[in-house]
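These notes are about the structure you will find just below.
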Amino acid sequence: MTKKVPTRKTIRHNPNAPGPVQAAQIALVLMTTAKTDNWNGVVADETLFERVELTDEQQALLEEHRGILPYLTRGGYDGTLRSIVACPACGRVMFMAQGTAPKKCSMKLACEGIPVKAKSTQEPLPKDPDAEKAKELAAAAS
Ligand SMILES: [Zn+2]
-9 MTKKVPTRKT IRHNPNAPGP VQAAQIALVL MTTAKTDNWN GVVADETLFE RVELTDEQQA
51 LLEEHRGILP YLTRGGYDGT LRSIVACPAC GRVMFMAQGT APKKCSMKLA CEGIPVKAKS
111 TQEPLPKDPD AEKAKELAAA AS
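For the sequence shown, this note's numbering gives the first residue as -9, with consecutive numbering after it.
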């Protein structure tokens, strides 16, 4: 038998979200991978980066927004997620435990932005347009 070469996992995050939200999503997915609830656990996992490979861009995002990472938790002692919400218009950021992002920015007076909340899970795999087409054709033929 050939020895299985360990493949490193990659993380898909939402590159269209505000920077801090991107960093938070990457950090929360890393917590899941490291089976920990907080950023300390990620930092303490010495073999994590043998299992996960970040892109240069993801690495840079974590570096740039490292100030928020220690405040994020994934199902902490009270069982709640602590994520962040950022406004793409005014750039303000706030921490948020449960629920969905507010429909309107309340972080800055008269801001018209629609805040975005960081997900704690990866982005789904992009749909393969060819596979979708094939499915449509198969459905039409039957
Ligand atoms: Zn705003």
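Note that CB positions come from ideal geometry on N, CA and C, so glycine has one too. None of the values given here were measured: they were computed from a predicted structure.
Exposure label - residue i; buried when at least 16 CB within 10 Å
i	result
Pro8	buried
Ser73	buried
Asp46	exposed
Asn28	buried
Thr(-3)	exposed
Thr63	buried
Gln48	buried
Pro10	buried
Contact under 9 Å by Cβ, residue i with residue j
i	j	result
Leu51	Ala13	yes
Cys80	Lys93	no
Ala59	Ala17	The sequence given here has Leu at residue 59, not Ala. Yes, they are a contact pair.
Val19	Thr111	yes
Val75	Ala100	no
Glu122	Asn4	no
Ala34	Thr26	yes
Mind listing, in chain order, the residues whose beta carbon lies closer than 6 Å to a non-hydrogen atom of ligand 1? Cys77, Ala79, Cys80, Arg82, Cys95, Met97, Lys98, Cys101, Gly103
Decide if the segment 115 to 123 is in contact with the segment 78 to 89; the criterion is three or more beta carbon pairs, one per stretch, under 8 Å apart. no
Using 8 Å as the cut-off, can you tell me whether the segment 31 to 42 makes contact with the segment 100 to 109, which would need three or more C-beta pairs spanning the two stretches below that distance? no
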